[in-house]
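Following: one structure in structure tokens, then a few remarks.
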Amino acid sequence: MEEDVGYRTVQSAGRGSFIISLPKKWIQEIGIGKGSQIAIKIMEDMSLILVPRKIEEERIKKGEGRSGEYYIEVNQKSDPASLCRRLISLYVASSEIIHLSFAAVENSKELRTAVANLAKNLLLGTEIIEETSEKMTLQVLINHPELPIDKAIRRMANLSLSAHKDAIAALGNLNKDFKHGIYETKTDVDRMNLYVVRQLKFGIKQNLFREWGFKTSKEFLGYRLVANNIKNIAENALTIGRNMETLRRLIDDKLLVLKELVDEEAYSQIKAFSSLVEQFFEESLESLFNRDYEQADRIISRAESFLVLENDLITLMLNKKMDPNLLSIYRLVLDNSRRIVEYSREIAEVTLNRTVEETSSTTPDG
2 MEEDVGYRTV QSAGRGSFII SLPKKWIQEI GIGKGSQIAI KIMEDMSLIL VPRKIEEERI
62 KKGEGRSGEY YIEVNQKSDP ASLCRRLISL YVASSEIIHL SFAAVENSKE LRTAVANLAK
122 NLLLGTEIIE ETSEKMTLQV LINHPELPID KAIRRMANLS LSAHKDAIAA LGNLNKDFKH
182 GIYETKTDVD RMNLYVVRQL KFGIKQNLFR EWGFKTSKEF LGYRLVANNI KNIAENALTI
242 GRNMETLRRL IDDKLLVLKE LVDEEAYSQI KAFSSLVEQF FEESLESLFN RDYEQADRII
302 SRAESFLVLE NDLITLMLNK KMDPNLLSIY RLVLDNSRRI VEYSREIAEV TLNRTVEETS
362 STTPDG
């Protein structure tokens, strides 16, 4: 129900402070007076919402415990993978404290081990603050000021490109010892991605777009797409690693014989192509962080040129009639690089969408 109580005049209270009187009827009905506390929330359209503290506390009380606190009763049917998925979902939903109860659960040790590994490896800023044979409590200690969204995105991008570069380097001799490094990097990327998703959801919920440097709340959705694209780069690098590992195993077991482990000409061209792709991707991120519409537009225009380079490389490899197994690995690497170009284009489109209103006039004479 909405009631119009008219306009109020803003008055100066000195030293840069301003005050406005509150409707007497509202004060009496709510039951507040001198010394009462009122929460003030700034909305996206710059309007204000006033919520008396006792009403805010009643809202929290009606929920499950305090805001951000959850309880999970683990039962006999619970398995480690399912429990971890639930914890990940609560983490990205901005939970702060999660209590787990393992009472009368036979495989509680296995479940607690899975939870501990999850907290250590994937849930950034999460610590186990209490643990017994029947209970475990997790608390998320990190907050946005300690690791802003842009910084987390940059970290994700650096890690993903590192995984891609490691895969390209290993292609030079089908190195069988590199996959573990890529797997660890991929885990780091996943950890940062979950943190970014958590923070974006929290920012939307709390309407923090201005505090975080965004012009509108719609930009949160663009950053979610960017984070997903960056995560996919690391995932693709790991896929390359798994395929190279399989090929190397066939060679070591003498189930496959290759005349040479690398075609120097093709490999040199692939490295050069990948280097251009990595630079292209970094430029797309630069346009995003700088809110550079013109740069993003140029990036989208250049994306098609990479298809020509890729087709030339494929033609080169087919003409060389190299071993089909080696050719399949090279084609996989090229496919991954092409996907990075696509991700770069999508990031540039996010930049266009978040800045187009700033570069366009709303008046005929603008």
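Residue numbering for the sequence shown follows our numbering, beginning at 2 and increasing consecutively.
Note that beta-carbon positions come from the ideal geometry of N, C-alpha and C, so glycine has one too.
Residue j beta carbon less than 7 Å from that of residue i
| i | j | result |
| --- | --- | --- |
| N122 | T188 | yes |
| S109 | F103 | yes |
| S329 | I169 | no |
| L84 | L112 | yes |
| I271 | A349 | no |
| V198 | V263 | no |
| S1 | I234 | Nothing in the structure corresponds to residue 1, since the chain is present only between 2 and 367. |
| V1 | V116 | Lying before the first or after the last residue shown, residue 1 is absent from the chain, which here runs from 2 to 367. |
| R86 | L175 | no |
| M137 | L88 | no |
| I21 | A14 | no |
| N320 | I241 | no |
| E70 | I98 | yes |
| E128 | Q140 | yes |
| A82 | E57 | no |
| Y294 | T360 | yes |
| I205 | F215 | no |
| V227 | V278 | no |
| R225 | L251 | no |
Rounded distance between the beta-carbons of residue j and residue i, thought under 8 Å
| i | j | result |
| --- | --- | --- |
| D151 | F290 | 6 Å |
| L286 | E311 | L286 to E311, Cβ: 22 Å. No contact. |
| E347 | N194 | Not really, about 16 Å apart at Cβ, beyond 8 Å. |
| L373 | Y196 | With the chain covering only 2 through 367, there is no way to say anything about residue 373. |
7 Å Cβ shell around residue i - same chain, five flanking residues per side excluded
| i | result |
| --- | --- |
| G223 | V351, N354, R355 |
| E236 | K187 |
| Q38 | R54 |
| D298 | L353 |
| I143 | L125, G126 |
| K35 | none |
| V11 | F19, I21 |
| I130 | T138, Q140 |
| G64 | Bear in mind that a pLDDT of 48 at G64, under 50, signals an unreliable position, so the model cannot answer this. |
Cβ-based neighbour list, residue i, same chain, cut-off 6 Å, excluding 5 preceding and 5 following
| i | result |
| --- | --- |
| A238 | A164, H165, A168, I183 |
| P24 | V6 |
| L296 | Reading the sequence as shown, one finds Gln at residue 296 and not Leu. Only S288 meet the Cβ criterion. |
| Y8 | none |
| G66 | Any reading at G66 needs caution, since the residue's pLDDT is 41, under 50, leaving its predicted position unreliable; the model's value is listed next. Nothing meets the Cβ criterion. |
| I154 | none |
| R156 | M193 |
| R323 | Note that residue 323 is Met in the sequence shown here, rather than Arg. So the list reads D264, once near-sequence residues are dropped. |
| E283 | none |
Beta-carbon proximity list for residue i, same chain, < 8 Å, skipping 5 on both sides
| i | result |
| --- | --- |
| R340 | N233, I234, N237 |
| R332 | I315, M318 |
| A213 | According to the sequence provided, residue 213 is Trp. The question's Ala does not apply to it. Same-chain partners within the cutoff: H145, P149, I150, G204. |
| I31 | P53, I56 |
| R303 | F281 |
| R292 | T352, R355, T356, E359 |
is_contact[residue i, chain D] using C-beta, thresh 7 Å
| i | result |
| --- | --- |
| R250 | Of the chains in the structure shown, none is chain D; there is only one protein chain. |
Could you give the uninterrupted runs of the alpha helix (DSSP H) lying entirely in the region 118-192, keeping only those of 4 residues or more?
Listed in chain order, they are 150-171.
Pairing CB atoms from the region 253-269 with CB atoms from the region 319-334, are three or more of them under 8 Å?
yes
Alpha helix (DSSP H) runs contained entirely in the region 186-265, provided each spans 4 or more residues:
220-253
Sequence ranges, alpha helix (DSSP H) only - wholly within the region 289-321, length at least 4:
The DSSP assignment places complete alpha helix (DSSP H) segments of no fewer than 4 residues inside the region 289-321 at 294-321, in order along the chain.
Please give the ranges of any alpha helix (DSSP H) in the region 54-108, keeping only runs that are unbroken, at least 4 residues long and fully inside the region.
DSSP assignment within the region 54-108 yields the following whole alpha helix (DSSP H) runs of 4 residues or more, N-terminal first: 54-63, 81-93.
Ignoring anything shorter than 4 residues, give me the alpha helix (DSSP H) runs that lie fully in the region 6-45, in order along the chain.
25-31
Beta strand (DSSP E) runs contained entirely in the region 315-356, provided each spans 3 or more residues:
none
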